[in-house]
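Asker:
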Amino acid sequence: MKTIQAELPEQLYKKVQSLVKEGWFRDEDVVLAEATRRFLETHESELMEKFIREDVEWGLHGEE
Amino acid sequence: MSSGVSTVKNKSGLTVICDAGPIIHLDELDCLDLISDFTQVILPERVSLEIERHRQSALGKAGISFVIMGRRTHLDPGLLTMSRTFMLDAGEMEALALMKYNPKAVFLTDDASARLVAKQMGFEVHGTIGILVRSIRRGKRRPEEVLRVLSELPQRSTLYLKHSLLDEIILKVKDEFGL
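Top to bottom, those sequences are chains A and B.
If you're matching positions, the first sequence starts at 1 in our numbering and goes up one per residue.
If you're matching positions, the second sequence starts at 1001 in our numbering and goes up one per residue.
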């Protein structure tokens, strides 16, 4: 495990705290790790590159 | 290969529905005027609030008029589920809800998840890079101008791209116009 220091907007942090207080997660670390894991799943480098390449193609040769 | 010369075309017939990213990024690059090439530029209310918070100046640019639209109905369950699964924010959700009423519009976003969901829903979707490169085809910028903006992108914008991909895009534009 790696320990990091990060800044979170107050409101976001309150929501994290609230989830933990309600008992949905063991602690704040688990929430943040889970949120990061889910974010990474939908932001894979290959996917983002594919989208940008499609954009360039549309920009150069798109028909409208 | 295209010639570097293109004629200025009349306003495109396209309507765009925007997420905050492209508006903010184009403004950072002094290229927000490119958005006025579209017939109608719709901002969901939540997106306009987001832009107001992060880049207020973008909303008051001369010659650019935005149509700000609130959500018309509750989000349908399918969209809501998909948006939650892909962790979309409120602005992106509202934009997609508006796209359902305007399926021929183009959705502008720089967010990969929002883009993924929009494509799943069958919508046409593009981002800041597409708008920049398109400006050459539309005769709004010369290729050299767009190449300059692209090369300055890491310093001037909060749109982050993999360096090798940005180099590839620059090379492609250069090749296309024989530069």
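We put the beta carbon where it would ideally sit given N, CA and C, even for glycine.
Secondary structure at Thr40 of chain A, three-state DSSP: helix, strand or coil?
Answerer: Walking along the first sequence from the start, residue 40 of chain A turns up at place 40. First, the residue type needs correcting, since residue 40 of chain A is Leu and not Thr in the sequence shown. Helix at Leu40 of chain A.
Asker: Phe1038 of chain B to Gly1130 of chain B, Cα distance in whole Å?
Answerer: Within the second sequence, residue 1038 of chain B is the residue found at index 38, counting from 1. Within the second sequence, residue 1130 of chain B is the residue found at index 130, counting from 1. If you take the alpha carbons of Phe1038 of chain B and Gly1130 of chain B, they lie about 14 Å apart.
Asker: Do Leu1132 of chain B and Val1146 of chain B count as a contact pair if the criterion is CB distance below 9 Å?
Answerer: Within the second sequence, numbered from 1, the residue matching residue 1146 of chain B stands at position 146. Within the second sequence, numbered from 1, the residue matching residue 1132 of chain B stands at position 132. Yes; because the gap between Cβ atoms is below 9 Å, this pair is in contact.
Asker: Along the alpha helix (DSSP H) that carries Gly62 of chain A, what are the first and last residues, could you check?
Answerer: Reading the first sequence from its first residue, position 62 is the one you call residue 62 of chain A. From DSSP, Gly62 of chain A is part of no alpha helix (DSSP H); its letter is neither H nor E.
Asker: So what's Glu1052 of chain B in DSSP terms, helix, strand or just coil?
Answerer: Against the second sequence, residue 1052 of chain B aligns to sequence position 52. Note: Glu1052 of chain B maps to helix in three-state DSSP.
Asker: Quick one: what's got a C-beta closer than 7 Å to Arg1141 of chain B's C-beta in the same chain, skipping five residues either side?
Answerer: The residue given as residue 1141 of chain B occupies position 141 in the second sequence. Only residues of its own chain outside the window of five on either side were considered, and among them Ser1135 have a CB closer than 7 Å to the CB of Arg1141 of chain B, listed in chain order.
Asker: At which residues does the beta strand (DSSP E) containing Glu7 of chain A begin and terminate?
Answerer: Counting from one through the first sequence, the residue named residue 7 of chain A turns up at place 7. Premise fails: Glu7 of chain A is in no beta strand (DSSP E) and is neither H nor E.
Asker: Between Val1173 of chain B and chain A, is any beta-carbon pair separated by less than 9 Å?
Answerer: Within the second sequence, the letter at position 173 stands for residue 1173 of chain B. Contact with chain A is found for Val1173 of chain B, since one of that chain's Cβ atoms lies less than 9 Å from the residue's Cβ.
Asker: DSSP three-state label for Thr1109 of chain B, please.
Answerer: Numbered from 1 along the second sequence, position 109 holds the residue referred to as residue 1109 of chain B. Reduced to three states, the DSSP call for Thr1109 of chain B is coil.
Asker: Where does Pro1103 of chain B fall in DSSP's three states?
Answerer: Within the second sequence, residue 1103 of chain B is the residue found at index 103, counting from 1. Looking at Pro1103 of chain B - three-state DSSP - the assignment turns out to be coil, as it is neither helix nor strand.
Asker: Would His1126 of chain B pass as an interface residue toward chain A - the criterion being a Cβ-Cβ separation below 9 Å?
Answerer: Position 126 of the second sequence, counting from 1, holds the residue named residue 1126 of chain B. Taking 9 Å as the threshold, the shortest C-beta distance from His1126 of chain B to chain A falls below it.
Asker: Looking at C-alpha atoms only, which residue of A:Thr3, A:Asp29, A:Thr42 and A:Val16 is the closest neighbour of Met1082 of chain B?
Answerer: Against the second sequence, residue 1082 of chain B aligns to sequence position 82. The residue from A:Thr3, A:Asp29, A:Thr42 and A:Val16 with its alpha-carbon nearest to that of Met1082 of chain B is A:Thr42.
Asker: When we look at the beta-carbon of Val1067 of chain B and count the other beta-carbons within 10 Å, is it buried (16 or more) or exposed?
Answerer: To locate residue 1067 of chain B, count along the second sequence from 1; it is residue 67. Label assigned to Val1067 of chain B: exposed.
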